[in-house]
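Structure, as structure tokens:
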Amino acid sequence: ETGVTQSPTHLIKTRGQQVTLRCSSQSGHNTVSWYQQALGQGPQFIFQYYREEENGRGNFPPRFSGLQFPNYSSELNVNALELDDSALYLCASRLEPLLDTQYFGPGTRLTVL
Amino acid sequence: GENVEQHPSTLSVQEGDSAVIKCTYSDSASNYFPWYKQELGKGPQLIIDIRSNVGEKKDQRIAVTLNKTAKHFSLHITETQPEDSAVYFCAARTGGGADGLTFGKGTHLIIQP
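If you want it as structure tokens, here you go:
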């Protein structure tokens, strides 16, 4: 176990809806990243939060947004859901941005119908 | 941006034999190379990582080698066991703490009894 937890485990939404996914980082880890993993593919970097600010972003549109709270838990919000957003969403935490090692949670499986 | 290629996509070996998975990366500025194991329905689990100032690292039955000149790195698993069956991902990260990991597409390792 990595100490990183995510909720919910599974979620089904309809195209056009909005969704919020949650992540609780490993104790003491102030940096959290979110990844999207489509079926049969490697994870793709969405963005990273450090001290409640987004400080890095991959090639994802603005309808993917996030929040990080003072206790280092975080949220991923996706607006105007599309069918292609169906994927496993993973969060990963690390002690601080300059330390490389990061630990992943179990993920949230999102299905968009 | 960074591009990581991983081969083979599927690898079947007899229990007790060795398994080797290879990755190449495109960005010479990449300096951190982790390997993750992902079992069905779970998040990626870090199994070993290496930084660009080191050529090889071992942890019991697992080893990783890095060739910076050729921009490739490999995972070696010796004395394979049934519990080694999973999907393995290599990844790379460039530069500063705000960058996410770029993953390969994964290798499905099957250990035949």
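As they're listed, the protein sequences go chains V and C. Per the numbering used here, the first sequence starts with residue -5, numbered consecutively. Per the numbering used here, the second sequence starts with residue 6, numbered consecutively. For each residue, glycine too, the CB sits at the ideal point set by N, CA and C. Quick caveat, the model's predicted, so the values are computed rather than measured.
Residue i: first and last residue of the uninterrupted beta strand (DSSP E) it sits in
{"i": "GLU71/V", "result": "Correcting the residue type first, residue 71/V is Asn in the shown sequence and not Glu. 68 to 72 is the span of the beta strand (DSSP E), which, as asked, contains ASN71/V."}
{"i": "LEU5/V", "result": "4 to 7"}
{"i": "VAL59/C", "result": "No beta strand (DSSP E) contains VAL59/C, which DSSP labels as neither H nor E."}
{"i": "PRO39/C", "result": "35 to 43"}
Contact belief for residue i with residue j at Cβ below 8 Å, rounded distance in angstroms
{"i": "GLU69/V", "j": "LEU77/V", "result": "Contact flag wrong, Cβ pair sits at about 22 Å."}
{"i": "GLU91/V", "j": "THR25/V", "result": "For the sequence presented, residue 91/V should be read as Pro rather than Glu. Yes, they are in contact, since the Cβ atoms of PRO91/V and THR25/V sit about 5 Å apart, within 8 Å."}
{"i": "VAL59/C", "j": "LEU45/C", "result": "No, VAL59/C and LEU45/C are not in contact; Cβ-Cβ is about 32 Å, not under 8 Å."}
{"i": "ALA68/C", "j": "HIS81/C", "result": "4 Å"}
{"i": "TRP40/C", "j": "ASP54/C", "result": "7 Å"}
{"i": "TYR83/V", "j": "GLY(-3)/V", "result": "Not quite, the Cβ-Cβ distance comes to about 18 Å (not below 8 Å), so this is no contact."}
Burial state of residue i (16 or more Cβ within 10 Å)
{"i": "GLU7/C", "result": "buried"}
{"i": "GLN11/V", "result": "exposed"}
{"i": "LYS93/V", "result": "Note that residue 93/V corresponds to Leu in the displayed sequence, not to Lys. Exposed is the call here."}
{"i": "ASP121/C", "result": "Residue numbering for chain C in the displayed model covers 6 to 118; residue 121/C lies beyond these limits and cannot be assessed."}
{"i": "VAL92/C", "result": "buried"}
{"i": "PRO49/C", "result": "buried"}
{"i": "ARG98/C", "result": "buried"}
{"i": "HIS4/V", "result": "exposed"}
Chain-ordered neighbours of residue i on chain A, where CB pairs are closer than 8 Å
{"i": "ASP22/C", "result": "The structure shown contains no chain A; its protein chains are V and C."}
Hey, is the segment 36 to 46 of chain V in contact with the segment 24 to 33 of chain C, meaning 3+ C-beta pairs nearer than 8 Å? No contact exists between the segment 36 to 46 of chain V and the segment 24 to 33 of chain C.
Please confirm if the segment 50 to 57 of chain V is in contact with the segment 8 to 26 of chain C, defined as three or more CB-CB distances below 8 Å between the two stretches. Remark: fewer than three beta-carbon pairs, one from each stretch, lie closer than 8 Å, so the segment 50 to 57 of chain V and the segment 8 to 26 of chain C are not flagged as touching.
Cβ contact (3+ pairs, closer than 8 Å) linking the segment 108 to 118 of chain C and the segment 81 to 94 of chain C: Using a Cβ-Cβ distance cut-off of 8 Å, the segment 108 to 118 of chain C and the segment 81 to 94 of chain C are in contact, since at least three pairs of beta carbons, one from each stretch, lie closer than that value.
Below 9 Å between beta carbons is the criterion; list the residues of the segment 57 to 91 of chain C that meet it against any residue of chain V, in chain order. Residues of the segment 57 to 91 of chain C with a Cβ closer than 9 Å to any Cβ of chain V: none.
Using Cβ-Cβ distances below 9 Å, what residues of the segment 33 to 54 of chain C are close to chain V? Contact residues of the segment 33 to 54 of chain C toward chain V are ASN36, TYR37, PRO39, TYR41, GLN43, GLY46, LYS47, GLY48, PRO49, GLN50, LEU51 and ASP54 (C-beta to C-beta distance below 9 Å).
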